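Under my numbering, the first residue of the sequence shown carries the number 42, and numbering increases by one thereafter.
Ideal Cβ placement from N, Cα and C applies to all residues, glycine included.
As the structure is a prediction and not an experimental result, all values here were calculated from the model.
Worksheet: the structure to be examined is printed underneath.
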Amino acid sequence: MAHPVHWPKKFFFYPIGNTSPVCLTQELSPEQDANILLVGCGDCRSILYTVHHDLAPRYRNLDITCCDWEPAVLARNILLLTMSADGIAPATAWAIFYHFFLDQSAYNILLAQCRTLVQVSIDMKSWKISKYGHYLRFCTDQSLAEVRRNWILYLETENLTETGRKSMQNSVMASILSVRNKKVRGVMKSPRAAGPLFLSLLDECGKLYETYWSTGVVDPDGSQVLPYANPTFIYSLSGSQFNVHGGTHPLMSFHLAPALASAKHSKTSSISTIKRLVFCAKDQFDSWYMSFRTRVAVGSSANLVIRFFVGESLAFCRALQRCKEMKSMETGIYAYPWGGTQIHFDAEDYTHSASRSAPLSFNVIDTSNLTDHIGLINILLVTVPLLQRKPWTVLLTNTLVQPVYGEASALTDLTCGDVPTIALLLGIAPSAYLSHFTTHSNKHEVLMSMLAQGPNFEQLISWKFPHFVFANPNTAVPQLDQQPVTLVCDAKKLAQFLISIYLKMFEDENFLLLLNDHSLESVNKRINVHYLRESLAALFEFVRKRAAVDWAQLRSIFLNSLIGDRVLLMGSNNYQDLLCQLSLRNVLGEAHDCPLTRLATLHKPHGCFKGWATVPPVVCVVLKVPRLRLKVLEDMQADEIGVPILQCESQGVNFHNIHPSIRPIFGDITVSRANSEPQVVINEDLRGWKGDSPLIVTFYISSWTLVLDPPESLRIGFHIRSTPSTVHKIMPKLGSTFTIYSTNLTDTEHIQIVRHRPDNPEEYPSLRTSSGQATLLDVNPGQNVVAHFDGSGCKVGMLTIRDNVTDTEAAKSLAKGANVSVVPVADSTVLVSFKEYRKHFVFPFPIFIRQIKTKIARKSSYIEIDAYVRPNYNDFLDPSLNSFSIARHDSQINLINMHYLDLGNIPSLDLLSNQQKFQWLYTHLATSLSNPENQTRTKSTQGSHGALREVQSTITSIFEHFASNKSKERNPYCLFNPNDEVGMYAFIYVNDMKLDLSSQTIVLDACLIPLYSGMPDRGHILEWIADCNPNRIITCNDETRAWMLLLPALAERCRTWKHFESCDYLITAIPASLGKQECSPLCSCGKGHNLGLFATLSKWKVLHKEATRVAISPLFAFSFMEKTNAWPMNRNTSMSSKIQDNISLSSSGCTNCDGPGKPKILLCGRCKRVKYCSSECQKKHWKEHKGHCAIR
């Protein structure tokens, strides 16, 4: 495990999520089966929400694998899911899942459900044949046993005496009141559940929190404590005590915006705000709960499987990868940092030939907030190998981000280096580095942070494969090679970059930096350590598989730099551990095992290797720590000792090495000898901390370090790491060396040196084998891409692809001076062609397509392209070739940078109720702009704002105009280009404005009709539309082109229909008609399908068969890519104050001639405020208007 091992006495129990759920399939088109991995899954709110909001519940297969450290969390989840399937009322299930106390009826139902679950979970076989076994599965026998143990504990509360029951009730009440009195920071987290309406929830947060943590129930009228303590909140890894985290509140795991906005068909408008919030949450719970029941009610044919694993997240991901690579169920990987339980997958589900084979690769991986707990690099290294290499595959990470004072510095800090360079080495990149915008919003998080003057806001970061994201959908480009490229690097430069990563990963050891920075953040970095040298070795292993480099030279430069390093105070103490970890992964190479030659030249066998036939580069130390030596720490209260980091140390006459990658197991050892070598068996004491057995600590060490000194001079010890926290709390008890126990190599009662870790003989060989596994890069390396680092070696600035022209005829044509065409066809792809030659140069990261350099070697027969890496998309004036990418892959179509949503399953806003209630909407729309975009609003020259900014402005204008329309009569909107060849090109009828809850934003449910020149009966339709007095919006040529790219994405993201085999997108391109006004940009597959309100309006019947439903959302800048502290707090006023004039056509006259429209009044395409009768008048008036035209 590449993460520090902590003293595990202080746990918090997180039985309920503290963020609103997301739809886990929102990145997948309806046809895509979803293989989802939830790492650190927590409660099942997102699973239920996904089942309810899935766009294609009838034909999408959902296979969800859930991993959580806490078995009680999974026990509670399965309780809830089985109660749903068994028909238990939602109100009862709500109480059992969310209330600290239960009435007699709910308590009896809980016991009955537990009794049923215990009966069918005796072993894996009995579970599989039960009524739950076809849709709820366990990955390992151990997971089933751990979860079942919790159900048994819940049942045992039935045997308590009345005195015992009251004692438990009183204990829980005392605990919750203690938490309430502390007023933990969870109170301020609650508003985020309201999304863009968070300000409306601020006043209620304290009341909600006070009620729940006073009575233990979610009932604003509840005052009487119910008679039974809910056992599902009592038993957890922390023992049989109430240890629920103080920031917990059930309503935080729901979407509360519908209770605060004026939603249509609301039944709660006349009750208090708190009651509305509770009703809203319960109503959502009921809907999700019943949707799950419906989905699994069909029995074994249900297209839903949920799998459960109990254990540590990094270990589980490594085990899945090991199973995938080695095709073995016995992975040799430990399930927890403590103990000897290894991950042995269920053979029936994880055998590759199994009929119900569990997925070993995934198109959605959600890592929750683990980035803040185990480190982003650790997460990326274990999850990226598990991702399906498809355009729509997504990895989700959630983290707390500080308001940044430089571009994307927060993410740079998390990745420990330049993000594009890390992306090139790992083959995956944050979406913020691949797109101008997102359709998800966390702007309320940023505003909350600013208003509360808090340091952090939550940021969901999605990661995707860069060269897939920008496969060109604009033209009929052949399917590109989907194998990863080979990244060719200079050894010296890559070594320099890895050194910079090393220094950042272990910044907590840079004491000079810490001495100059006494901030709380700096202190926390030394306490909350995420990385070990094992993490760095894992990174080396990953990079070695992806990059082509002189590895011997790189190792030499890197290791020599570390020997001379004086930046990290403890760098030299950890150097040998790094060598050990590199050797374990077969990354070090024989050249650097050279110290082992000392073993061969010894005239006398060294004591610890006496009788060994051969000595491997790495051996395992087994240290037996007497239990009495732990007592001084065991006697400390959990709050006092906290969670200090544990490590082993080896110390000789002239060296002191640290070994933090340890395996602690309670038990005893049995020592024997075979072939003159010691053999150790660990007899684990499963009582763990509750027993009295010694602690057996094992770790790997470089063999040669054990022969530097005589055995009696070399000591092995078990220690606590020195941090600011341990210095104050633990040093007075253990002394300045923080030694728990130490002895020398001659003490064979407490120390043994063995060839491999006891009871896990395949661990060492499998590590070296998996390091050498053939990858896609080895099998089909594809194009070589040379990465050029800058002078400092801190980032890649340029990429080069050279293609040798091997075809004889093509080489002759090139030599004779054939004209070579070099055309960028995507943000990472350049098409080079001449006569017999046609080649796509696919770069593994976006490039500056307008700055490429081409070298044509006619005599040597090669073509070479140099391209500068595009580090981000902050410059919206330098647009992507297609800002609204849609992937086409094996006849499948999927959005890339916009999410899918079910328009028929989200709440509508009642905009006619009270306009004052919708001031939040204008603030929300205003925050869609980035700071640079906001600053350009005063520019007036044509083209100064960029096409994407123009589209954003038009979308915002439609939202504002629709929101401010007080009439029930809704006029449609028409996009209009004054160019005679284009004219009116899109008709949009807005059905409703809705809350897109999962993405914390709003969306227009609309119907779209492209008005292309080849449209049947187009003249009659245009006349008919004109007579309906539409709101016309003028767009210039660049914006028109952008809309033509956007329209297919708007239709794609909400479709509930399937594309035909004859779909225009599959036959030609996406969009179907870019640059061809005679054709529709949309395919015809969705015409007339599921049009919502529009389909019921007889007035528009003539257009129904031509209409396609679309979902129009604001386009948001990525929050962590800009200086959020510079956000103007009054941004909303700049828009909302102008809303009445924005698209209003009620006033008469053209601004230039004061005449009527010809035939209708048009609007300036930039400011959307000034009116013209025709394009001619607009041109005549431009000189006067130019100085006042400010884009909105």
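Return yes when the C-beta of residue i is under 7 Å from any heavy atom of the ligand ZN, and no when it is not.
i: Asn-1012; result: Absent from the structure shown: the ligand ZN. Ligands present: none.
Can you list, in chain order, the residues of its chain with a C-beta nearer than 7 Å to that of residue i? Leave out the 5 residues immediately preceding and following it.
i: Glu-803; result: Gly-373
i: Ala-1136; result: His-1145
i: Pro-49; result: Trp-379
i: Gly-1055; result: Glu-1119, Cys-1120
In the DSSP assignment, find the unbroken alpha helix (DSSP H) run with residue i in it and report its ends.
i: Ile-999; result: 988-1005
i: Ser-450; result: 450-456
i: Ser-743; result: That residue, Ser-743, is in no alpha helix (DSSP H); its beta strand (DSSP E) goes 736-743.
i: Ser-503; result: No alpha helix (DSSP H) holds Ser-503; the beta strand (DSSP E) holding it covers 498-505.
i: Met-214; result: 203-223
i: Ala-908; result: Taken as a continuous stretch (DSSP letters only), Ala-908 belongs to no alpha helix (DSSP H), being part of the beta strand (DSSP E) at 903-909.
i: Arg-86; result: 86-94
Between which residues of its own chain and residue i is the CB-CB distance below 6 Å, once the five residues before and five after are set aside?
i: Arg-899; result: Leu-855, Ala-856
i: Gln-520; result: Its pLDDT being 44, under 50, Gln-520 is placed unreliably by the model, and nothing is read from it.
i: Thr-434; result: Asn-404, Leu-428
i: Thr-516; result: Note that Thr-516 has pLDDT 42, beneath the 50 cutoff, so the model's placement of it is unreliable and no number is given.
i: Cys-1077; result: Gly-1206
Work out the CA separation of residue j and residue i for me, nearest whole Å.
i: Ile-275; j: Glu-203; result: 18 Å
i: Pro-1264; j: Ser-341; result: Residue 1264 lies beyond the stretch modelled for the chain, which goes from 42 to 1233, so this question has no answer here.
i: Asn-1032; j: Tyr-1014; result: 12 Å
i: Pro-507; j: Thr-408; result: 20 Å
i: Ile-1050; j: Glu-1147; result: 6 Å
i: Tyr-330; j: Thr-252; result: 25 Å
i: Leu-553; j: Val-608; result: 8 Å
i: His-1061; j: His-1100; result: 29 Å
i: Pro-1019; j: Phe-1157; result: 28 Å
i: His-697; j: Ser-691; result: 6 Å
i: Phe-142; j: Arg-317; result: 22 Å
i: His-44; j: Tyr-375; result: 13 Å
Need the endpoints of the beta strand (DSSP E) that residue i sits in, please.
i: Arg-178; result: 177-179
i: Asp-1037; result: 1024-1037
i: Ala-73; result: The sequence shown places Gln at residue 73, not Ala. Unbroken run through Gln-73: none, as it is neither H nor E.
i: His-700; result: 697-700
i: Ser-783; result: 780-785
Residue i by DSSP, collapsed to three states: which one?
i: Val-405; result: strand
i: Ala-898; result: strand
i: Lys-880; result: strand
i: Ser-1216; result: helix
i: Ile-170; result: coil
i: Asn-627; result: coil
i: Lys-50; result: coil
i: Gly-945; result: helix
i: Gly-373; result: strand
i: Ala-856; result: helix
i: Val-319; result: helix
i: Gln-429; result: coil
i: Phe-357; result: helix
Leaving out the 5 sequence neighbours to the left and right, which residues in its chain are closer than 8 Å to residue i when beta-carbon positions are compared?
i: Ser-862; result: Leu-872, Val-873, Ser-874, Phe-875
i: Leu-218; result: Trp-254, Ser-255
i: Asp-709; result: Lys-665, Ile-723, Asn-724, Asp-726, Ser-734, Pro-735, Ile-737
Checklist entry - Would you say the region 451-471 touches the region 916-932, given that touching needs at least three Cβ pairs under 8 Å? => result No, the region 451-471 is not in contact with the region 916-932.
Checklist entry - With contact counted as at least three CB pairs below 8 Å, one residue from each stretch, are the region 230-237 and the region 1035-1054 in contact? => result Short answer: they touch.
Checklist entry - For the 8 Å Cβ check, are there 3 or more pairs between the region 759-770 and the region 669-687? => result As far as the Cβ criterion goes, the region 759-770 touches the region 669-687, which means the pair count is three or higher.
Item to check | Contact the region 150-169 vs the region 326-340: 3+ CB pairs below 8 Å | outcome: Cβ pair count under 8 Å is below three, so no.
Checklist entry - So, do the region 351-359 and the region 405-421 have three or more beta carbon pairs nearer to each other than 8 Å? => result By the Cβ rule, the region 351-359 counts as touching the region 405-421, because three or more pairs are nearer than 8 Å.
Checklist entry - Would you call the region 86-97 and the region 415-429 touching, i.e. three or more CB-CB distances under 8 Å? => result Too few Cβ pairs lie closer than 8 Å, so no.
Item to check | Any 3 or more C-beta pairs closer than 8 Å across the region 906-919 and the region 269-285 | outcome: No: fewer than three Cβ pairs fall under 8 Å.
Next on the checklist: Using a Cβ distance threshold of 8 Å, determine whether the region 95-108 contacts the region 1123-1142, with at least three qualifying pairs required.
Outcome noted: Look at the beta carbons and you see the region 95-108 not touching the region 1123-1142: under three pairs across the two are nearer than 8 Å.
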